[in-house]
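Its first residue numbered 459, the sequence shown is counted upward by one per residue in the working numbering. Quick reminder that beta carbons are idealized off the backbone N, C-alpha and C, glycines included.
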Amino acid sequence: MAIRKRDLTMEQQLARGPLDLPFLMLVVLLTGIGVVMVFSASFATAYYDSKIGDPTYYFFRQALFAVAGLAIMIVVSKINYQTFRWMSIFVLAVAIVLLIAVLIPGIHTERSDNVRRWIRSIGPIPAFQPSEIAKVGVIMYFSARLSKRNQEKPVRLSPRSFWSGPVAWLDRIGFLELVPYGAILLLIVILMKMEPHMSGTILILAGAAAVLFAAGIKLYWFALGGGAMGLLLALSMQGYQSTRILVWKDPWAYPQDGGYQIIQSLYAIGSGGLLGLGLGKSRQKFLYLPEPENDFIFAIVCEELGYVGAAIVILLFVLLIIRGYWLAVHARDRFGSLLVVGITTLLAVQVFLNISVVTNLLPTTGISLPFFSYGGTALMIQLAEMGMVLSVSRQISAPRQE
């Protein structure tokens with residue numbers, strides 16, 4: 459009993475360690491710049507919108523969510539990250555339930571193209587995408603389970619069993635170990651396909667793959683699993699998704715249809731030049747570039763801040779990602795390492811895909827830029843994820859445990 463009390467006291471002391479200041483300052487800096495850019499990119503859209511008419515509408519809402527998100531980040535960072543182990547199954551279960559609920563008429567907000575990604579706002583709870591919760595739920599659950607991978611005893615098969623030979627062979631190559639994770643991902647991919655939400659599916663698979671890779675899963679399973687998932691996604695592509703590929707190849711062949719947004723984005727990036735037109739002086743945001751405060755906000759960053767400003771923003775993201783991986787390497791235990799790897803990789807993939815889409819390096823996928831794109835619930839969830847990383851950073855000074 460005395461040893462147990464001593465262990466609990468040590469855990470409590472470790473959880474009260476200092477936050478990683480470089481990571482914290484980079485998150486706060488990117489959030490602050492993001493809020494300023496939302497104001498600059500959105501005031502024309504809000505002013506000319508007859509339903510809004512207030513040029514500061516998006517800014518005040520984003521600023522409010524940013525303050526709330528930073529507060530949530532600090533609260534989460536004070537939680538002992540070992541708590542996230544048992545929470546992971548509940549977060550994943552809630553995410554799956556919400557992915558099912560968003561398909562029910564009356565609960566989701568449906569667009570004209572039959573896309574059902576958002577659950578309607580309920581009272582003080584704003585509308586949100588269940589995929590945002592699914593991203594972190596998958597990372598938490600996979601990290602919690604895979605952190606015990608080398609501690610679980612192998613299943614002993616009876617030599618008289620008819621299936622002992624094939625089952626033993628499948629167990630030897632690691633197939634049986636991956637079945638639960640593959641089943642979870644397949645279920646989520648099917649539910650996301652029914653929305654449909656290709657970009658969210660890509661991010662969830664990327665986060666899961668990062669955790670599996672860091673846990674030591676054999677590389678040939680990534681080739682087989684990635685090929686199978688890629689084939690499934692390719693076969694299930696909708697008509698508008700196929701059109702996006704054609705637009706990506708030559709956006710000027712569709713100047714008034716699918717290519718309009720990317721053409722205006724490239725105009726914004728090109729007109730920014732080296733030093734930009736100046737903060738607030740973008741021309742493309744005046745109803746030329748559709749929804750400049752959302753997925754294509756980086757084009758406004760390039761136009762107003764120029765190549766230098768855009769490079770600084772990218773550098774801040776790179777430093778945040780590198781610091782995240784550094785924290786993962788120095789985490790106290792395997793669970794902390796896997797958790798931070800998953801969250802950091804999710805952030806890195808999202809930043810890369812968004813900037814690639816804005817510059818037409820990749821087809822349009824509808825992926826937002828973390829900390830920058832307008833969206834309250836997404837911003838708060840992203841900051842909560844950063845809080846998890848900071849929670850792990852509190853215990854880095856402790857001896858590493860395998």
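Relative to the Cα of residue 499, the nearest Cα in the group 552, 591 and 738 belongs to 738. Contact check for residue 806 against residue 795 fails: the beta carbons are separated by 9 Å or more. Under the three-state reduction of DSSP, residue 770 is assigned to helix. For the region 801-850, not one full-length alpha helix (DSSP H) segment reaches 4 residues or more. Secondary structure of residue 501 (DSSP, three-state): helix.
Contact annotation: the region 769-789 does not touch the region 526-536, with fewer than three C-beta pairs closer than 8 Å.
Each residue's CA atom was taken as its position, placing residue 653 and residue 560 some 8 Å apart.
Take the alpha-carbon of residue 495 and the one of residue 789: they are about 34 Å apart. Beta-bridge annotation (DSSP): residue 567 is paired with 576. Straight-line spacing of the CA atoms in residue 484 and residue 492 works out to 12 Å.
Listed in chain order, the non-local C-beta contacts of residue 547 below 8 Å within the same chain comprise 599 and 602, local neighbours out to five positions each way being set aside. Within its own chain, the residues whose Cβ lies closer than 7 Å to the Cβ of residue 665, once the five positions on either side in sequence are excluded, are 593, 596, 597, 800, 803 and 804, listed in chain order. Boundaries of the alpha helix (DSSP H) harbouring residue 590: 588-604, taken from the DSSP string. Within the model, the alpha-carbon separation for residue 712 versus residue 649 is close to 31 Å.
The Cβ neighbour count for residue 678, taken over all protein chains shown within 10 Å, is under 16; the residue is labelled exposed.
DSSP lists 580 as the bridge partner or partners of residue 583.
In the three-state scheme derived from DSSP, where H, G and I count as helix and E and B as strand, residue 761 is classed as helix. Here residue 712 carries a coil assignment [DSSP, helix/strand/coil]. In this structure, residue 797 sits near residue 542, with a CB-CB distance shorter than 9 Å. In the DSSP assignment, residue 657 falls within the alpha helix (DSSP H) that extends over 656-672. Approximately 7 Å separates the beta-carbon atoms of residue 645 and residue 554; this is inside 8 Å, confirming the contact.
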